[in-house]
Amino acid sequence: MSEPKTPNLGLYKIDRSSPSTTYFDLDKYLDQNWEKIDDFAEQMGEKAEETATKVSSLQERLDTDKRGAATLQPGVNVVSANQEATFNLSSIKGRTLVNLLGRAGGCEQASLVNSYQSTITADTSNKVQGNQSLKITTTAMPAGALSISPINLKSGKYYIVLSSAKLISGELVGMYLNELNPNKGKVTSSNSKRFSTLWGAYSISTDISTFFVSQVVGASGSSGYIDAIRLYEISASEYVALENMTTEQIACNYPYVDSVQPVLNPYAIRYGQNLLPPFYEWSETAIAGPSEIEAPYQLKMTKASSAIGFSNFISTVNVAPSTEYTFSITVDVTNFGGNGVAGVYWNGWCYDEDNNAITSFNMPPYAKANGKFTLGNSFKTPDNAKSVRIVIGFDSETTGTATFKNPCLNLGTSAMMFKPREDSFLALQTELHANPDTGENPDSVFERDGRYYKLAKWRKVVLDSAINFVLWGSGSGYKVVNAMLPEPLAVDGSGVLIKYQGKVIKETDYATVNSAPDNLNIGSSGANGVFDNFQISISNVDSGWGDSYTNLTSDEIKAYFMGYRMAENVTGFPAYNGSGVKCWYGIKSLSTPTTTLPTMPDVGYTPYQLLYQLATPVVEPITSEGQLTFIDGDNQVEAGTGIVLREHAPINNNLPTAVAIGDIGNPNKYKIKKILAVYKDSIRDPRWYSNTVNANGNEKARIDGINYDPSASYSVTYLMLDKYPTVDITGTYAENEKSLLLDAVKTLQENTTRISVLESKKAEKDAPAWITPTLLNGWVIYNDTLPVGYYKDSNGIVRFKGMIKSGALNSILLKLPPGYRPKNMSMQFVAHSTDGSGQVLGRIIVNANGDVQPYGGSTTLYSLDSISFQAEQ
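Mind the numbering: the sequence shown is residues 0 to 872 in numbering that gives the first Met the number 0, read in order.
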C-alpha cells in the first residue's frame, strides 16, 4: 500500500489509518520533506531569475530606442534586419567627377583623337557606353595607337586614368600617359571575348604636359576596340584606397562621364523577398509555339509536335557578387513528346557589369515526362557578377504543354515559400556636387518633417541667352567677355567652366584670363570683396571675332553662347574684322550662313556651363518619391544614381499594332537603361512590357494597341543609360518595438501635418480670389449686391460675375491683365440684359489684348455671368 503524499511537492503525509504509522518518523516526515521544499525553492529562484531576464529584455525593447545603421554602397547590397522597419535617411553627400579629357574619351567622334601608325574607325556593335567605340587597326610594327592631347598634370597631385578595351587580333591592347609610368594599376589586356577595364594611378612629382595613349601591339593589321576613356584628379586618400579595391570596384567608383558631372538623382530599391517579377515583365526570346500569361505568376506554353527550336521566357535580375541564391518553380507538363535532352527545363547565367556572360548554373532536375515537377537549385554568384538571367521553356526537340507557376529567386540556400515580389524604394530628383578636386564641401540631402531637402553649397549655371555678356577686353587672337553671376555670390577660385565641346577649364585669375584664351576668372564688380561676376577669354578661332572688330555687342556675344560663329560673308567665311558684311553659322550644325543675328540656339549645340561654390549655402526642397522599408531577414537593396521619376511619356504611335515609349522615333529626355514603371493617369499600368527594337537605349516600353488609351496621360519612371558619380546612402532602421513605435508616431504626425497643409492649400485654391476691375467709359456696377469681378481657377479658366449699367455700348468696359486673357484669339459670349420692360440679348467680346467690350443689348442692366474661357498660359 503506497504512502500518502501531497499532490504538488510530493511531501510525505502520516497515514493514520494504519497502526504501523502511528509513530512519527523524523527523517521521513521532517528531513526529507524539508529537502523537497528547499529543492522547490531553488527551482522557483531559477525560474524567477529567468523570468526577470525575459521581463528585463522585454522592458528594454519597450523602453529603449535601439536602431541599426545601414550604409548602402553603390550597387547591390544585402542588409539583414531583425524585423520589418522603415529606412530613415541620414545623409547623401555630393560628389563631382571632372573628366580631364572632356568628351573626347567618350569615343563618339573619331575627329577628337589622333592616330599613330593606325587607322581609327567607329564601331557601333562593340561598345560599353554611348553609341559606339573606336576601333584601332595597326598599319605598322610593333604597335598602332590613338592619342588624346594635351593634358596638363600638376606636381603633388594624384590622377587615375581608366578605359574599356577589347582585343580583336594581335598580342595585347594597352594604355598609358605618355612619358609616365603608373604607380599602380592594370594597363594591358589580351582578352578578345569581352571588354576589360584598364586602369592606372599616378602620383605626380613635377608639372608635366602629356597625352593619353591607347595602343594595340602586334603585327600590322592587328586591331582592338577602345571606349569610355576617363582621366580624373583624385585625392590622396582616394589614391591610397585603390590598394584595397578590385578592378570592378574601381570601375564602379570612377565611371565614365562627359566632362563634369555630379551625383544625379540618387535612389535605393529594396527588392522583394522573391526577386522575380510577374510573368508579364519577363521577355519571350525564343518562340516555337503559343504562350499565354494566365495569371501574374502563371504562364502556359505550348509547343506542337511539328515545331522545332527552343521556346523560352527570360527574366534578368540584379544580384550581389559572391552570394548564395536559390531558384525554384513548379511546372505541370501534359502531352510530353519529342527527344529533347532537357525536356521542359530551366537554366541560368551570371553576367558582369558590361553584360558579358561569365558563368552558367543550369542544373537538373528537368521535366522529361508528363506530371507535376519542381525545378530549380541553389547557386553562388561569382565575385564579378552584376546580374542573373533565369530562363524557362522547352528545349529544341521537346513538345507538349507546360504550365509554369510561382517562380521564386531568393537569397540563401533554401527555397522560400512562394510570395509575389513586393519592392519598396526611395528616389530623389536632385544634383549633388562637391569640390571636384578634393571632394570637400559637398552638397548634402537631409530629411525634415517628412520631406527631403538639399543643403546646396554649389551651383551650376547654363550660359545661354539668358546671360547678359559685355565685351571686357581683348588680346591677340582672343577676346574677354564679362557677365554678372545670375545666382548667389561665389567663392573665389572655385569655378569650373565646361566649354561647348566638353573641354574643362578650371578657374585661374584675373591676370591669366586677360592674357590667353580658354580661361575663367570669378571676380568682384566692386571693391567690396564680393565675388559676383565672371570673365571668360574666348579664342577668335572659336568665336569668329577678328582682332580688329571692336564694336562687339551684347547680342552678338549671346549668339556665340547659343552656338554660332561670326564670319565675314565672303568665300571661306573668315573671321569678321569690322568691314564687309557679317554673318553667322552654327558651330555644331555648320548651318548655311545667315546675315540675320541668330536668336535661337544652334541645332545639337551644347552650351557652356559654369560650376562654382556658393559663398553662403542655401536650403532647397527636392522632389522625392517612395519610402524605403526593410523586411525581416535578408534584404537585397540596390543603390545608384540616374533615376528619372514620372517623366511625361513621349508616345511613338504605331496603332493599331502597338504604342511605344522610349523609341528612337520619339525619344525620352535621356537614353533608357531600364524601364521601371509606366503610369496611366498617375496609376501604374502593368500592361506595358520591355522591348529592344528601335529602343533609344537598352530598352523601351511597349503596349499592344488594344490596351492603349489615347485619351489618357502617360508617364514613365526609368533608369538612365548614361552613368553618373555614385555615393553611399546612409541611414538607420528600427531594431526593437520602441523604435518602431517612435517611427510610427513620427510618420503619423508628419502625415497629419502635410495633410493639413494640403487641405489649407486646397481650400485657398477652391475659394476664388475675386479681382475687382476698374470700369471704364461710364460703366458702373448695377448695385452693391451684384459686384463685378473675375478670377482664374486651378484649371486656368477665367470666370466673371456681376451686373453693370449706364455705360456706352461698343466701348471698352475693362482691361484684363496678362495671364487672364484669351489665348491667341478673341472670344464672344451671349449676355443677358434688360431695358426694364423685357429681356434684350447682348453680346460681349473679350479680345486677346485684354479689352472687354459689350455690344448690343441694353445699358439698363447687363449681366457678365456668362463669360468664361481658357486663359493664356
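Beta carbons are placed, not taken as given, at the ideal position from N, Cα and C, and that holds for glycine.
Beta-bridge pairing of residue i - partner residues as DSSP gives them
| i | result |
| --- | --- |
| R450 | R447 |
| S922 | This structure leaves residue 922 out entirely; the chain is present only between 0 and 872. |
| H831 | L840 |
| S163 | T196, D226 |
| F629 | A84 |
| N113 | S146 |
| L133 | A121, I225 |
| L860 | T833 |
| S738 | In DSSP, S738 forms no bridge with anything. |
| P853 | I843 |
| W457 | Q612 |
| I292 | L298 |
| S168 | S222 |
| M824 | M824 is not bridged to any residue. |
| L879 | Beyond the ends of the chain as shown, which are 0 and 872, falls residue 879; an answer cannot be given. |
| N151 | S208 |
| T333 | T400 |
| Q869 | I796 |
6 Å CB neighbourhood of residue i in its chain, flanking five on each side removed
| i | result |
| --- | --- |
| L298 | F278, I292, F403 |
| P406 | L275, I328 |
| G337 | E396, T397, T398 |
| Y723 | Q260, L263, T640, G641 |
| P441 | K92, G93, A433 |
| T605 | Y499 |
| A648 | I660, Y713, S714, V715 |
| L171 | T187, S189, V216 |
| A401 | M300, V330, V332, V343 |
Rounded distance between the beta-carbons of residue j and residue i, thought under 8 Å
| i | j | result |
| --- | --- | --- |
| G169 | V127 | Contact flag wrong, Cβ pair sits at about 20 Å. |
| W348 | A341 | The pair is not a contact, with the Cβ atoms about 15 Å apart (cut-off 8 Å). |
| D546 | N513 | That belief does not hold up - the Cβ atoms of D546 and N513 are roughly 15 Å apart, past 8 Å. |
| V212 | R229 | Between R229 and V212 the Cβ distance is about 15 Å, and since that is not below 8 Å, they are no contact. |
| G641 | N695 | Not really, about 15 Å apart at Cβ, beyond 8 Å. |
| G223 | A164 | 6 Å |
| L610 | G494 | 7 Å |
| L99 | A638 | Incorrect: roughly 27 Å between the Cβ atoms, too far for contact. |
| V851 | L813 | 5 Å |
| T138 | Q116 | 5 Å |
| P419 | R458 | Not a contact, Cβ separation roughly 45 Å. |
Residues near residue i in its chain [Cβ-Cβ closer than 8 Å; skip 5 each side]
| i | result |
| --- | --- |
| D742 | A84, T85, N87, A733 |
| S805 | G777, W778, V779, T858 |
| R842 | Q827, F828, V829, A830, P853, Y854, G855, G856 |
| S359 | N346, G347, W348, C349 |
| G476 | P516, S538, N539, V540, D546 |
Cβ-heavy atom distance, residue i to the ligand GTP, below 7 Å
| i | result |
| --- | --- |
| V262 | The ligand GTP is not part of the structure shown, which contains no ligands of any sort. |
Contact set for residue i: own chain, Cβ-Cβ below 7 Å, skip 5 residues either direction
| i | result |
| --- | --- |
| L861 | Correcting the residue identity first, residue 861 is Tyr in this sequence and not Leu. The answer, listed in chain order, is M802, I803, K804, A830, S832, G841, P853. |
| S154 | I203, S204, T205, D206 |
| L675 | T716, Y717, L718 |
| I866 | F799, F828, I843, V845 |
| N361 | N346, G347 |
| N369 | V332, T333, F335 |
| R66 | T731, Y732, A733, E734, S738 |
**Item:** Length-filtered (3 minimum) beta strand (DSSP E) runs lying within the segment 657-721
**Value:** 657-660, 671-679, 688-690, 699-703, 713-719
**Request:** Decide yes or no for the touch test of the segment 499-519 against the segment 260-276: beta carbon pairs closer than 8 Å, at least 3 of them.
**Result:** no
**Asked** Along the chain, which unbroken stretches of the beta strand (DSSP E) at least 3 residues long are found entirely within the segment 340-374?
**Response** Counting whole runs of 3 or more residues, the segment 340-374 contains the beta strand (DSSP E) stretches 343-350, 356-359.
**Request:** Give, in chain order, every unbroken run of the alpha helix (DSSP H) that is at least 4 residues long and sits entirely within the segment 513-584.
**Result:** 539-542, 553-560
**Asked** On the three-pair Cβ rule with 8 Å, is the segment 366-384 touching the segment 306-323?
**Response** yes
**Request:** Spell out a yes or no on whether the segment 620-629 and the segment 451-471 are touching, meaning 3 or more CB-CB pairs, one atom from each, closer than 8 Å.
**Result:** yes
**Request:** Note down, one range per segment and in chain order, each beta strand (DSSP E) of at least 3 residues found wholly within the segment 371-434.
**Result:** 386-393, 397-410, 423-428
**Request:** Evaluate the contact criterion for the segment 193-205 versus the segment 241-257: three or more CB pairs, one atom per stretch, below 8 Å.
**Result:** yes
**Prompt:** Can at least three beta-carbon pairs, one atom from the segment 765-775 and one from the segment 786-793, be found at a separation below 8 Å?
**Reply:** Between the segment 765-775 and the segment 786-793 there are three or more C-beta pairs closer than 8 Å, enough to call the two in contact.
**Message:** With three or more beta-carbon pairs closer than 8 Å as the criterion, would you say the segment 154-166 touches the segment 218-235?
**Reply:** Under the Cβ criterion (8 Å, minimum of three pairs), the segment 154-166 counts as touching the segment 218-235.
**Request:** Flag this pair as touching only if the segment 136-147 and the segment 111-127 have three or more C-beta atom pairs under 8 Å; answer yes or no.
**Result:** yes
**Prompt:** What are the uninterrupted segments assigned as beta strand (DSSP E) that are 3 or more residues long and contained completely in the segment 232-310, given in chain order?
**Reply:** The segment 232-310 contains these whole beta strand (DSSP E) runs: 259-263, 265-269, 282-285, 290-294, 297-302.
**Item:** Secondary structure, beta strand (DSSP E): runs of 3+ residues fully inside the segment 458-507
**Value:** Counting whole runs of 3 or more residues, the segment 458-507 contains the beta strand (DSSP E) stretches 469-474, 477-483, 495-497, 503-505.
**Prompt:** Is there contact between the segment 100-108 and the segment 121-140, where contact requires at least three CB pairs shorter than 8 Å?
**Reply:** yes
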